[in-house]
Amino acid sequence: SVPTGVLPLCHRPPEWYRAPRQPPSLLLTPCRAFSNKKIMVELDESSGVATMTFKSPPVNSLSLDFLTEFCISLEKLENNRACRGVIITSAIPKIFSSGLDITEMCGKSTEHYAEFWRTVQETWLKLYSSNMVTLAAVNGSSPAGGCLLALSCDYRIMVENPKFSIGLNETQLGIVAPFWFKDTFVNVVGHRIAERSLQLGSLHPAPEALKLGIVDELVPEEKLQEKTRAVMAQWLALPDHARQLTKAMMRKTVLDRFIAHREEDIQNFISFTSKESIQKSLRMYMEMLKKKKS
Amino acid sequence: SVPTGVLPLCHRPPEWYRAPRQPPSLLLTPCRAFSNKKIMVELDESSGVATMTFKSPPVNSLSLDFLTEFCISLEKLENNRACRGVIITSAIPKIFSSGLDITEMCGKSTEHYAEFWRTVQETWLKLYSSNMVTLAAVNGSSPAGGCLLALSCDYRIMVENPKFSIGLNETQLGIVAPFWFKDTFVNVVGHRIAERSLQLGSLHPAPEALKLGIVDELVPEEKLQEKTRAVMAQWLALPDHARQLTKAMMRKTVLDRFIAHREEDIQNFISFTSKESIQKSLRMYMEMLKKKKS
Amino acid sequence: SVPTGVLPLCHRPPEWYRAPRQPPSLLLTPCRAFSNKKIMVELDESSGVATMTFKSPPVNSLSLDFLTEFCISLEKLENNRACRGVIITSAIPKIFSSGLDITEMCGKSTEHYAEFWRTVQETWLKLYSSNMVTLAAVNGSSPAGGCLLALSCDYRIMVENPKFSIGLNETQLGIVAPFWFKDTFVNVVGHRIAERSLQLGSLHPAPEALKLGIVDELVPEEKLQEKTRAVMAQWLALPDHARQLTKAMMRKTVLDRFIAHREEDIQNFISFTSKESIQKSLRMYMEMLKKKKS
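The listed protein sequences correspond, in order, to chains V, H and L.
Here the first sequence stands for residues 87 to 380, where the numbers follow the working numbering.
Here the second sequence stands for residues 87 to 380, where the numbers follow the working numbering.
Here the third sequence stands for residues 87 to 380, where the numbers follow the working numbering.
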């Protein structure tokens, strides 16, 4: 059977997170907007739709803290019966998310690499197996891990600006997307497009991303919110139970493969990341980013 | 190895059906058109092409009787060496088939659910693994089980009327397409289109169905017969043996998975269908259909 | 783990081939163009790109000798650190490769069939799992085994002449593409297009091949070389190690399945090919080819 976000986090969650599941009556208690450091979460109880807005300058990079907050927020919504759908989007202009925070992978301890990677896994697992309707409103560039977040949703709407690009560009950094990034990508675009795009580490401008099927539609930036709500309403028109079982059936093969190789994947990440050649690659890439900025 | 329609039916077939396979010479004896209650079967011995025309008013719904007749007719053609290809089509205006007969799933005994589902399975198994060239001439709307019949053929031609739609819309009824409906669909349209279409329970108008790859081509209604014959001739130009082995190879994974989980799938169907919440969903849907009609 | 061209050949290679891997310094020694009987191999050391040009009149058919030479040449390049990419193309006008040499499959001993098939397998395995960037410059028609060579590369550029066609047309000859031809094809074009094309044994003119995704782009014949070099440069811009691991990950499932069924596949080939009905089919096809020529 398909896991649906009930697996334990690898680091200490706040007290409310560990609280036993509340009875239905309490869960229907209005849940006001709450904002932690990096993600603003708002729930519109009339529609049952939550919005998670990334607001972690400068580029919404997926640090350990960001991912931990993402997991906790998503879990909280998952357990809230008043919430049936989630939109993920960004408050940072031109950037949806820049992907995994490379500083978490550079010059740190083995224990840190393990904790970081476990949280990356957990984030994907919770999002990809969510019972809620998940929708990515991609309002900026979205490389690597940022692209993975979008690919893990049920539907992707991107702003039609050709300066915004999206893709799994890991090879450009001298690293390799893990197998479950690949599986998620193949489920969206098919084997051939994934093989070519992953080998070349391509970042596809929005119009090309649409053509390849990486995103489902493009809209002008000013129409993004309206369009996102309309699409969400369309998905919420279906009975939750039938839709959830169908989603679980579609994603079962990829989720099962991940679960079976989860610890192995952490060990692979640690040994790969610990290599001096990889550390050098990542340092060079960070230097390049710094120079680009200045 | 791939089964090719030799598995026993779950209910009593007529005497001729249980007769031992006839020697080749007898099999070449002309087989005149025969019509049972719900499906007209005609075999053109000069071309080796049979046509199975659904004629079960009002909407060719796939009842236990209809499916039993379908299985028996297909098996008979499969064993007739004079027959190399089958066209399935409808004699009911605007409807190809409305899919599984919901009355077979409502307020019946566990034994009835088991018999019904076994026959649904058998129908798909015989059609999907047929050694003959199978062609769907979709001359009307084709939701759910009707769509499955079309998807199980080698090729699908649909009338270009945008009022005719096709799709696996089970979620709209609060139920879930079984895994082998899903596998058949994914083999035709790929994972992404299947995931989205199944979750939304979409019924696609003919032009959209073509774009998504659910059908292979559209023709004006008056050209349907001519086009169907031309396509069939193209497929029959290939040596049977090589074509059959190739087809079996292509469909082996999906057929093997089905065979391995066949009994489990029946148990799932029974326990799901027996739930009061599902019974309620189905009754509401039938009420809605009745109101629509009047 | 994925094999990468280190598996032994099934027949005796020349002395240099069995030599132990040379130390890096020696491997960087310039490797001049060398030409055996059927394939011209040139290595441009400044770019690290080798070109393997098929020059076996009349139609570059894949005989045991041709395939043996192909394996040896590819292995030599694979072990040469100065070589990072390979282009395969043809020196014969209008023909890329006509596919497997049918005379190797007609009226020969069981031992010969086994040796021939093992070499066909080895050729595909080496090419499909190559660590180098592999690029097919398809400058002529490319049926059956010729198509397989192109499909096994990382990228396919075809001359836009609609008289040139490409496809796995085995069923037209009364034979069946083996499962790993099919798997390679499905990875490129997806399940539906492969199912239809393989059953019909279609040879697709260049424009149709582009539309179906069998090739990645079309160019005028006079631009082929320039375009091929530009594409190769794009692929070589990626760090080898990350690109190689990504490629191995993408092709792992198909390679693993092949390895698991390799000997079984040889036995199948022998027993199928030894059948009198198949021998007759192949003789008839050869007669037809002879008549066509004269």
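Note that the Cβ used here is the ideal one computed from N, Cα and C, for glycine as well.
In this text, all values refer to a predicted model and were calculated from it rather than measured experimentally.
Rounded straight-line distance, which links the Cα of residue j to that of residue i
i                         : j                         : result
asparagine 383 of chain V : lysine 124 of chain V     : Only positions 87 to 380 of chain V appear in this structure, which leaves residue 383 of chain V out of reach.
alanine 230 of chain V    : serine 216 of chain V     : 21 Å
glycine 232 of chain V    : isoleucine 252 of chain V : 8 Å
proline 110 of chain V    : tryptophan 210 of chain H : Confidence at proline 110 of chain V is low in this model, with a pLDDT of 36, below 50, so its placement is unreliable and no value can be given for it.
serine 147 of chain H     : aspartate 187 of chain H  : 5 Å
aspartate 269 of chain L  : glycine 193 of chain V    : 42 Å
isoleucine 173 of chain V : serine 132 of chain V     : 15 Å
methionine 126 of chain V : valine 135 of chain V     : 14 Å
glutamate 373 of chain H  : isoleucine 364 of chain H : 14 Å
proline 306 of chain H    : alanine 295 of chain L    : 27 Å
leucine 341 of chain H    : alanine 334 of chain H    : 9 Å
isoleucine 261 of chain L : isoleucine 243 of chain V : 46 Å
methionine 218 of chain V : serine 195 of chain H     : 34 Å
threonine 359 of chain H  : threonine 332 of chain V  : 16 Å
leucine 312 of chain L    : serine 176 of chain L     : Here residue 312 of chain L turns out to be glutamate, not leucine, going by the sequence shown. About 15 Å.
glutamate 349 of chain H  : glutamate 197 of chain H  : 14 Å
arginine 343 of chain V   : glycine 299 of chain H    : 28 Å
proline 329 of chain L    : threonine 339 of chain L  : Note that residue 329 of chain L is arginine in the sequence shown here, rather than proline. Approximately 17 Å between the Cα atoms of the pair.
leucine 284 of chain L    : serine 283 of chain V     : 26 Å
Contact belief for residue i with residue j at Cβ below 8 Å, rounded distance in angstroms
i                            : j                         : result
threonine 227 of chain H     : lysine 180 of chain H     : Threonine is not the amino acid found at residue 227 of chain H; the sequence shown has serine there. Contact holds; Cβ gap of about 7 Å.
phenylalanine 182 of chain V : glutamate 190 of chain V  : No, phenylalanine 182 of chain V and glutamate 190 of chain V are not in contact; Cβ-Cβ is about 19 Å, not under 8 Å.
leucine 129 of chain V       : alanine 168 of chain V    : 7 Å
asparagine 255 of chain V    : histidine 277 of chain H  : Actually they do not touch by this definition, with Cβ atoms about 22 Å apart.
alanine 319 of chain H       : glutamate 246 of chain H  : That belief does not hold up - the Cβ atoms of alanine 319 of chain H and glutamate 246 of chain H are roughly 21 Å apart, past 8 Å.
leucine 286 of chain V       : tryptophan 321 of chain L : 7 Å
Counted within 10 angstroms of its Cβ, other Cβ atoms place residue i as buried (16 or more) or exposed
i                        : result
threonine 154 of chain V : buried
lysine 212 of chain V    : buried
alanine 303 of chain L   : For the sequence presented, residue 303 of chain L should be read as glutamate rather than alanine. Glutamate 303 of chain L is exposed by the Cβ-count criterion.
proline 248 of chain L   : exposed
glutamate 161 of chain L : buried
lysine 378 of chain V    : exposed
arginine 369 of chain V  : exposed
alanine 223 of chain H   : buried
threonine 205 of chain L : buried
arginine 337 of chain L  : buried
glutamine 353 of chain L : exposed
proline 143 of chain V   : exposed
serine 380 of chain L    : exposed
glutamate 308 of chain V : exposed
glutamate 281 of chain H : buried
serine 357 of chain L    : exposed
Given residue i as reference, the closest of the options once Cα atoms are compared
i                            : options                                : result
serine 184 of chain L        : L:Thr196, L:Arg170, L:Gly260, L:Phe140 : L:Phe140
isoleucine 345 of chain L    : L:Trp266, L:Lys313, L:Ala280, L:Lys377 : L:Trp266
aspartate 326 of chain H     : H:Ile243, H:Ser357, H:Arg170           : H:Arg170
leucine 375 of chain H       : H:Ser142, H:Lys309, H:Val224, H:Gln258 : H:Gln258
leucine 163 of chain V       : V:Met138, V:Met370, V:Leu150, V:Ile178 : V:Met138
glutamate 208 of chain H     : H:Tyr199, H:Val245, H:Phe156, H:Glu246 : H:Phe156
isoleucine 279 of chain H    : V:Phe355, V:Asp240, V:Ser195, V:Leu284 : V:Asp240
threonine 314 of chain H     : H:Phe271, H:Arg204, H:Ile178, H:Asn225 : H:Asn225
valine 275 of chain L        : L:Pro264, L:Ala263, L:Leu237           : L:Leu237
phenylalanine 250 of chain V : V:His290, V:Ser283, V:Phe271           : V:His290
asparagine 122 of chain H    : H:Ser149, H:Ser159, H:Val145           : H:Ser159
proline 264 of chain L       : L:Phe355, L:Glu308, L:Ala316, L:Glu197 : L:Phe355
aspartate 351 of chain L     : L:Ala200, L:Val145, L:Ser149           : L:Ala200
isoleucine 178 of chain L    : L:Asp151, L:Val145, L:Leu310, L:Phe152 : L:Val145
serine 288 of chain H        : V:Ala323, V:Ala316, V:Ser288           : V:Ala323
(Q) As an exercise, report each continuous alpha helix (DSSP H) stretch of at least 4 residues that is fully enclosed by the segment 290-364 of chain L, in chain order. (A) 292-298, 310-322, 326-346, 348-360
Q: At 3 residues or longer, and completely inside the segment 214-289 of chain V: list those beta strand (DSSP E) runs for me, N to C.
A: 219-224, 226-229, 241-245, 251-253
Q) What are the complete alpha helix (DSSP H) segments, minimum 4 residues, inside the segment 123-206 of chain V? A) 150-164
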